[in-house]
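Peer 1: Below is a structure I'd like to ask you about.
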Amino acid sequence: MDRRLVGLALIVASAAGFASGAIFGKGVYESGVDWITLMAWRFLIGGTATWLWILASPARRSDIRRLGRRSVLVGLGLGILYVGNSGTYYAALQHVSASLMALIVFVYPALVAVLTIRIGRRLEGRRAWTALGVALVGSALTIGGIEGGEVPPVGYLLLAAASPVIYACWIVIQAWLMGERPGRVAREAAGDDRASAAAAVAGLVTTGAALSYWILALATQRPVSPAAIPMDAWPGIVGIGFLSTFVAIVGFSTGSRLIGAAEASLVSTIEPVITVTLAALILGERLTAIQFVGGALILVGVVVAQTSPRPGDGTRPVPAVLRIADE
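All letters in the sequence shown, in the order written, are residues 1080 to 1406 by our numbering.
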């Protein structure tokens, strides 16, 4: 089968997996389960599935054995840091519609274009800044276009807005720790061995996030035992753990290695479209006209940012990042 078609299919599957998280989450919240309990089980299920997938392959097991102590600690540490992004997203989702969350959060690629592509280098040219400005205007329109009877509490809107900012910063830190520096990406800085260990790092990140959430859940005395969770919550919890975590992570990391990170990032712009469509079909959510305009501006900003040339060489940027989840 054509390598590029396989890669495209995996990226689309990944985007669908990420997009379904908000839909599953709404169903889980209706059953009375809160976001901390949901996240604890999400990363336990997703992490377990990821490790089973890693251990099923001799090549992936070899990647694990090649990881040094520092790489293991970095992977676990990134998982702990990722709690900030996933926590703000799913905490806000309790009161913000799935459609609106999808549009607000997807401003992160434009933020990454400004923060990550030129790590340690003065930003040259106006294209990345223009993309960021367009995406931010789009986010402002999506929030400002909320109809009067549907306005969520301001605190939860702030959490929704914080999620893409935290995620963009997380990507910057991850790229730097993986070896990205001015004029070179992580693959060039660290060699193909580290790039080929993406699956191993994904397993470590999900493990770090799972440990963090379980400690938080136990410390706050959340009802996390299987018996304490309503039966009607389990389909959504398993869906988020398997589809929105394992399938989404593995699909993106594998697909981006087949077609390249730049093209994978562009294909992933379908994610908010899938979320909005699913929210309309399953949850009955509707966006206002101004929110549709805002969403279109966000997607335009993302495309412009991801196709922005790297100064000095005239090539398209290939961000050296491993997407763990945009929510």
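The beta carbon of each residue, even a glycine, is placed where N, CA and C say it ideally should be.
If we call anything under 9 Å between Cβ atoms a contact, is residue 1178 one with residue 1359?
Peer 2: Yes.
Peer 1: Can you name, in chain order, every residue of its own chain whose Cβ lies under 7 Å from the Cβ of residue 1215, other than the five neighbours on each side?
Peer 2: So the qualifying residues of the chain are 1186.
Peer 1: Which term fits residue 1294, buried or exposed, when burial requires 16 or more other beta carbons within 10 angstroms of its beta carbon?
Peer 2: With fewer than 16 other Cβ atoms within 10 Å, it is exposed.
Peer 1: Within 10 angstroms of the Cβ of residue 1089, are there 16 or more other Cβ atoms? Answer buried if so, exposed if not.
Peer 2: Per the 10 Å Cβ criterion, buried.
Peer 1: Are at least three pairs of beta-carbons, each pair with one atom in the stretch 1112-1132 and one in the stretch 1364-1383, less than 8 Å apart?
Peer 2: In short, these stretches do not touch, since the Cβ pair count stays below three.
Peer 1: Please classify residue 1251 as buried or exposed, where buried requires at least 16 other C-beta atoms within 10 Å of its C-beta.
Peer 2: Burial call: buried.
Peer 1: State the DSSP-derived secondary structure class of residue 1201, mapped to helix, strand or coil.
Peer 2: For residue 1201, the pLDDT reaches just 43, beneath the cut-off of 50, and the residue's location in the model is therefore unreliable, although a value from the coordinates is still provided. If DSSP states are grouped into helix, strand and coil, residue 1201 belongs with coil.
Peer 1: Pull up the distance between the alpha-carbon of residue 1119 and that of residue 1082, whole angstroms please.
Peer 2: About 36 Å.
Peer 1: From residue 1371 to residue 1314, what does the alpha carbon distance come to, in whole angstroms?
Peer 2: Distance between the alpha carbons of residue 1371 and residue 1314 is about 30 Å.
Peer 1: Measure the C-alpha to C-alpha separation of residue 1167 and residue 1137 and round it to an integer number of angstroms.
Peer 2: Using only the alpha carbons, I get a separation of about 37 Å.
Peer 1: Residue 1376 to residue 1140, Cα distance in whole Å?
Peer 2: Answer to the nearest angstrom: the Cα atoms are 43 Å apart.
Peer 1: Would DSSP call residue 1317 helix, strand or coil?
Peer 2: Residue state, collapsed to three classes: helix.
Peer 1: Measure the alpha-carbon distance for residue 1169 versus residue 1117 and round it to whole angstroms.
Peer 2: Taking the straight line from one Cα to the other gives about 9 Å.
Peer 1: Measure the C-alpha to C-alpha separation of residue 1323 and residue 1209 and round it to an integer number of angstroms.
Peer 2: Each residue's alpha carbon lies about 31 Å from the other.
Peer 1: The alpha helix (DSSP H) that contains residue 1365, what's its start and end?
Peer 2: Taken as a continuous stretch (DSSP letters only), residue 1365 belongs to no alpha helix (DSSP H), as it is neither H nor E.
Peer 1: By the three-class DSSP mapping on this structure, what secondary structure does residue 1308 have?
Peer 2: Residue state, collapsed to three classes: coil.
Peer 1: DSSP on residue 1301, reduced to helix/strand/coil?
Peer 2: Of the three classes helix, strand and coil, the one that applies to residue 1301 here is coil, per DSSP.
Peer 1: Taking only the alpha-carbon atoms, compute the straight-line gap between residue 1183 and residue 1243 and give it to the nearest angstrom.
Peer 2: Cα-Cα distance, rounded: 8 Å.
Peer 1: In the structure shown, what three-state DSSP assignment does residue 1232 receive?
Peer 2: Looking at residue 1232 - three-state DSSP - the assignment turns out to be coil, as it is neither helix nor strand.
Peer 1: Considering only their Cβ atoms, is the gap separating residue 1281 from residue 1328 smaller than 9 Å?
Peer 2: It is a contact, given that the beta carbons lie within the stated cut-off.
Peer 1: Given this structure, state the Cα-to-Cα distance separating residue 1091 from residue 1144, to the nearest angstrom.
Peer 2: Each residue's alpha carbon lies about 31 Å from the other.
Peer 1: By Cβ distance below 8 Å, which residues in the same chain neighbour residue 1309 in space, the five residues on each side in sequence not counted?
Peer 2: Taken in chain order, the residues that qualify are 1110, 1111 and 1112.
Peer 1: CB residue 1332 to CB residue 1278, shorter than 9 Å?
Peer 2: In contact: residue 1332 and residue 1278 (Cβ atoms closer than 9 Å).
Peer 1: Assuming residue 1349 is part of the alpha helix (DSSP H), what are its boundary residues?
Peer 2: Here residue 1349 belongs to no alpha helix (DSSP H), and DSSP marks it neither H nor E.
Peer 1: In this structure, does DSSP put residue 1081 in helix, strand or coil?
Peer 2: The answer is coil: DSSP assigns residue 1081 none of H, G, I, E or B.
Peer 1: Quick one: Cα of residue 1302 to Cα of residue 1292, how far?
Peer 2: Spanning the two alpha carbons is a distance of roughly 13 Å.
Peer 1: Would you check if the distance between the CB atom of residue 1101 and the CB atom of residue 1367 is smaller than 9 Å?
Peer 2: The answer is no: Cβ separation not under 9 Å.
Peer 1: Whose C-alpha, out of 1115, 1155 and 1212, is nearest the C-alpha of residue 1378?
Peer 2: Nearest C-alpha to residue 1378: 1212.
Peer 1: For residue 1162, which residues of its own chain have a beta-carbon under 7 Å away from its beta-carbon, when the five flanking residues on both sides are left out?
Peer 2: Once the five neighbours on either side are set aside, the close Cβ partners of residue 1162 are 1288, 1291 and 1292.
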